[in-house]
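In our numbering, the protein residues as written are 632 to 1151. Glycine residues also receive a C-beta, built at the ideal position from the N, C-alpha and C atoms. First up is the structure itself, then whatever we jot down about it.
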Amino acid sequence: MDDLLVALAGNTALPPALVDRLIGLADEELARDLAYRSDLTPAQVRVLATRFEGAAIVLAREGRLSAEDFSDNGPGTAGGTAATWTYVELALLNEGRGRPEWARRLTAEPSSEIRQELAACPGLPADVVAALAADPDPEVVAELALHTTDPELLGRLAAHRHAEVRVMVAVNRATPPASLAALVANEPPPEACLVCEREPIPFVHDPHCLRTDCTLPPGAACDGSHESTIHRIRRQAVDNLATPVSALVRFAEDPSTFLRWAFAARPDLPVEAAERLADDPISGVRGDLAENPALPVALLRRMAGDQTHEVRRRLAHNPVVPLDVLAELAGTTRIGPTLLPRVATATDEELRQLAASANPEVRMLLAVRRDLPAAVRDGLAGDPDAKVVAAVAGHPGLSAARLAAMVAAHGVRVIGRVAANQDATADLLLDLARREPRVPKALREIARHPHAGAAALEHCLADAQARPIAAGHPALPPDRVAALLTDADPQVAESAAGNPALPVAEMARLIDAAVSDPVR
């Protein structure tokens, strides 16, 4: 389908009559795009759902198609066989708006993929759940184990003969703690896994396997004890906060890096385990530990001296790190202009302390916060350090005069951030857009700014990267938008086709062209 028509399908200003014409021309791709429109009439919904399964799935997921829209043979009156619309039925079942008889029929589908999708649906009838729990394909049962919220069923599936089912039981937060502890202890041992079902054992899957029909993950292994799948079960159980931490403490010294790594992130991590993990030889383990809010202050202070930059950076992201430790980290670690959790929760008094810091890195970390008191915000806006000013430039409430003063003081180092400020006025944006030499980042921000006027957008159109963005801006004059439909850059033309400022006559012309030349 013509890419311009696909872009036009998303144009919010497209009149209903032209939507009808696009529906008449649609293929699967165009129909799916049209299905996302929020202004479709009931009649348009019916036509799309009747003709295109992909569009019907979108409409089902968007809540605009229901079981009542189905005949016995599919949506509407022109649908094909019931099997043709299986995925539409699954979409409605997944949204809780399907029919029980569909679910019962789908349990007998030959396709394991369809039964797996059914198993992921909420609110299934009890007899359907029972049938899926007894499915001969363990991957179907595993999907059910992942999505069910029934603790009694999960308790039974935790002892399922197949290890793959147990992996998903270990993921599910509704699994009873006692069942999770039993999974960690491998009690009772499973009888099978995907590895030994598919390969003669002992078998270790080559990480660089070239077989096109092989779906086993790299490193999958089984010597009869299903070791790689049991490791996955334990890995998922560590991540599951419903698993009792008493069942996991031994993983602080486990030979598996992955188990230690996962355990280090537990918010209920015992202090003794944290102390051991702080000396772990793997920096990734220490990094996850450093970000853990369960750490005592003494350990946080100790980890500030870690020799690995990434560990210290992660420590700066810990929501309970003391401010003096954070200030120390700012002087030794590249953190960047990001809102840290501890800064986000700082009190007014702490904000004033941070703003008065002699270290510009600390002031920059504060400047990123977007709910600063006006006095603190304005003080940072006049900071002598450009990186502090750039960090505060996006803060709401800054006047146009102050934003202009920031650019006058620091130039290209802050202009992109100032251009992105949602309070920037049309006049300021025009001034920024016509500055020489051009600042590409600023032009891209201006091209998407809601206050940008036509004159500023013309400057953006002169920049290769900003041009496709500016072509979709509704402040462009309609005739200028129409001219961009023939731009040599297809992204620019498509943005123009989706621009609500595009004249209706041009919209109709695009459709007429597709009718007269259907292979365009």
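Give me the Cα-Cα distance between residue i and residue j, rounded to the nearest whole angstrom.
i	j	result
Ala1021	Glu1076	14 Å
Pro927	Leu879	20 Å
Leu1034	Arg945	33 Å
Arg804	Leu788	14 Å
Arg965	Val902	28 Å
Leu724	Thr717	10 Å
Leu671	Leu635	20 Å
Leu1141	Leu645	12 Å
His836	Leu825	12 Å
Ser1126	Val678	27 Å
Ala621	Ala1113	Since the first residue of the chain shown is 632 and the last is 1151, residue 621 is not available in this structure.
Gly707	Val942	Because Gly707 carries a pLDDT of 44, less than 50, the predicted location of this residue cannot be relied on, and the following value inherits that uncertainty. In a straight line, the C-alpha of Gly707 is about 58 Å away from that of Val942.
Leu690	Trp733	18 Å
Leu847	His839	11 Å
Leu1059	Ala1031	7 Å
Gln747	Pro769	10 Å
Pro806	Arg897	Sequence check: residue 806 is Thr here, not Pro. One C-alpha to the other measures close to 18 Å.
Asp1143	Leu997	56 Å
Gly711	Gly655	Confidence is the limiting factor: at Gly711 the pLDDT is only 42, short of 50, which leaves the residue's position unreliable, though a coordinate-based value still follows. If you take the alpha carbons of Gly711 and Gly655, they lie about 19 Å apart.
Ala958	Ala921	16 Å
Val869	Pro849	21 Å
Gly754	Arg668	29 Å
Ala619	Ala929	Since the displayed the chain opens at 632 and closes at 1151, residue 619 lies outside it and no answer follows.
Is the CB-CB distance between residue i and residue j below 8 Å?
i	j	result
Ala1083	Ala1057	yes
Val1045	Val1070	no
His948	Pro972	yes
Val916	Leu931	no
Ala698	Ala662	no
Ala961	Val993	yes
Arg1111	His1090	no
Val771	Leu763	yes
Pro1152	Leu1029	Residue 1152 is absent from the structure shown; the chain starts at 632 and stops at 1151.
Ser810	Val796	no
Pro821	His857	yes
Leu657	Leu665	Residue identity check: residue 657 is Ala in the sequence provided, not Leu. Yes, the Cβ-Cβ distance between Ala657 and Leu665 is below 8 Å.
Ala893	Asn923	no
Thr738	Leu749	yes
Pro1108	Ala1085	yes
Ala790	Pro819	yes
Glu1137	Leu1115	no
Ala909	Arg891	no
Would you say the beta carbon of residue i is closer than 7 Å to some non-hydrogen atom of the ligand FAD?
i	result
Glu795	Summarising the ligand content, the structure contains no ligands, and the ligand FAD is consequently not present.
Can you have a look at residue i and say buried or exposed, based on whether 16 or more other CB atoms are within 10 angstroms of its CB?
i	result
Asp766	buried
Gln867	buried
His1104	buried
Glu684	buried
Ala709	Unreliable placement is indicated for Ala709, whose pLDDT of 40 sits below 50; no coordinate value is reported for it.
Thr976	exposed
Thr860	buried
Thr779	buried
Glu1013	With the sequence shown as reference, residue 1013 is identified as Gly, and Glu is not the correct amino acid for it. Gly1013 is exposed by the Cβ-count criterion.
Arg881	exposed
Arg1098	buried
Thr963	exposed
Asp979	exposed
Arg1151	Here Arg1151 scores only 49 on pLDDT, less than 50, and its place in the model should not be relied on; the value that follows carries that caveat. Exposed, because fewer than 16 other Cβ atoms sit within 10 Å of the Cβ of Arg1151.
For residue i, report the span of its alpha helix (DSSP H) as first-last.
i	result
Asp1062	Ala1057 to Ala1064
Ala1022	Ala1017 to Val1023
Pro673	Pro673 to Arg682
Asp766	Asp766 -> no alpha helix (DSSP H), and no H or E assigned at all.
Asp1110	Pro1109 to Ala1114
Thr976	Here Thr976 belongs to no alpha helix (DSSP H), and DSSP marks it neither H nor E.
Phe889	Thr888 to Ala895
Asp955	Leu954 to Thr963
Gln747	Ser743 to Ala750
Val1043	No alpha helix (DSSP H) holds Val1043; DSSP gives it neither H nor E.
Cys1091	Ala1085 to Leu1092
Ala648	Pro647 to Leu656
Val951	Careful: Val951 lies outside any alpha helix (DSSP H) and carries neither H nor E.
Gln1122	Pro1121 to Ala1128
Ile1152	Past the boundaries of the shown model lies residue 1152; the chain is included only from 632 to 1151, so the question cannot be answered.
Ser1147	Val1135 to Ser1147
His940	His940 to Ala947
If I'm right that residue i touches residue j with Cβ under 8 Å, what's the distance once you round it to whole angstroms?
i	j	result
Ala794	Ile864	7 Å
Met995	Val1019	5 Å
Asp633	Ala1145	5 Å
Gly1025	Asn1052	5 Å
Ala1050	His1080	7 Å
Ala883	Ala904	4 Å
State yes or no: is the beta carbon of residue i nearer than 8 Å to at least one beta carbon in chain C?
i	result
Ile688	You won't find chain C in this structure, because it holds only one protein chain.
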